[in-house]
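Read the structure below first, then the notes.
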Amino acid sequence: METTLQNILSSPLGSFAFVIGVFSACMISVWYISHFKTKFGSVERIENNLFSIKEDLGLIKIKFNYIETRIERLETQKNILTKRKSPISLTDIGEQYSKDLNAPSIIANHWQDILNKLNSTLIADATAYDIQVISFNIGDDFQNYFTKEELTKLKDHAFNAGYTIDIYGRLFGIIIRDKILQMRGIDVTEVDKDDPEVKNK
0 METTLQNILS SPLGSFAFVI GVFSACMISV WYISHFKTKF GSVERIENNL
50 FSIKEDLGLI KIKFNYIETR IERLETQKNI LTKRKSPISL TDIGEQYSKD
100 LNAPSIIANH WQDILNKLNS TLIADATAYD IQVISFNIGD DFQNYFTKEE
150 LTKLKDHAFN AGYTIDIYGR LFGIIIRDKI LQMRGIDVTE VDKDDPEVKN
200 K
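If you count the sequence shown from 1, position 111 lands on 110 in numbering that gives the first Met the number 0, and the numbers rise without skipping.
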């Protein structure tokens, strides 16, 4: 075997062809092995990515269910304090909570800030329905207007009643709406005339 190899290598053409052949075989082997490893690594990365995506989708589903449950709970709470019939008004429970909290007094404490917000948001020929929408938005944003002491009182009341503090947004919104409508000499029943839901019935 050694003699044959020496004979091949001793000829110029033979040595060149042999070396090229061996070199080519080595290169092909290296490429194949590296390609296989790369391909295997890619598959492994894809599997890991798919597992990660599956986990993310699971977390998204959990968060979506939480948000959906919270929205349903908030809507249920609002229905406890307000009547569905338009124009929206407080239920007996809503009236009682308003008295417990002295809600009109709290609104009065911050009326100038609320009025400034109303005037800067409402258009000149705003309808009663427009006023209701803006009033309810301000009511839902009540935590940005009230003092720390007032918010503590609301939190204590909500805790004792078994609700979240968000429940009071619509209550304050109704008080704000009624107050601004009265200031503008507009009856609350006018809300129905421009309410899209009432118009489309």
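We treat Cβ as the ideally placed atom computed from N, Cα and C, and that holds for glycine.
Computed from a prediction, not measured in an experiment: that's the story for all the values here.
Supposed contact pair residue j and residue i - C-beta distance, whole angstroms, cut 8 Å
| i | j | result |
| --- | --- | --- |
| Leu117 | Ile133 | 6 Å |
| Ile130 | Leu180 | 6 Å |
| Ile164 | Lys154 | 5 Å |
| Ile174 | Ala102 | 6 Å |
Buried versus exposed, by CB contacts within 10 Å (16 or more), residue i
| i | result |
| --- | --- |
| Asp124 | exposed |
| Gly184 | exposed |
| Ser97 | buried |
| Phe158 | exposed |
| Gly161 | exposed |
| Ile106 | buried |
| Asp186 | exposed |
| Asp99 | exposed |
For residue i, three-class secondary structure by DSSP
| i | result |
| --- | --- |
| Pro163 | Checking the sequence shown, residue 163 turns out to be Thr, not Pro. Thr163: coil per DSSP, three-state reduction. |
| Leu180 | helix |
| Asn118 | helix |
| Thr126 | coil |
| His109 | coil |
| Asn101 | coil |
| Asp194 | coil |
| Tyr96 | helix |
| Glu185 | Note on residue identity: the sequence assigns Ile, not Glu, to residue 185. Correct three-state label for Ile185: coil. |
| Phe145 | coil |
| Asp207 | Outside the shown range of the chain (0 to 200) lies residue 207, about which nothing can therefore be said. |
| Asp139 | helix |
Spatial distance of residue i from residue j (CA atoms)
| i | j | result |
| --- | --- | --- |
| Ala127 | Val190 | 5 Å |
| Arg169 | Lys147 | 20 Å |
| Asp91 | Arg83 | 13 Å |
| Asn136 | Gln142 | 12 Å |
| Ile87 | Ser119 | 24 Å |
| Thr188 | Glu94 | 19 Å |
| Ile66 | Ile52 | 21 Å |
| Asp193 | Ser85 | 11 Å |
| Phe145 | Ile59 | 34 Å |
| Thr81 | Arg176 | 14 Å |
| Glu149 | Gly172 | 16 Å |
| His109 | Leu89 | 21 Å |
| Gln111 | His156 | 25 Å |
| Lys178 | Asp140 | 17 Å |
Residues bridged to residue i (per DSSP)
| i | result |
| --- | --- |
| Leu89 | Thr81 |
Any non-hydrogen atom of the ligand MG closer than 8 Å to residue i Cβ
| i | result |
| --- | --- |
| Ile92 | Although the ligand MG was asked about, the structure shown includes no ligands whatsoever. |
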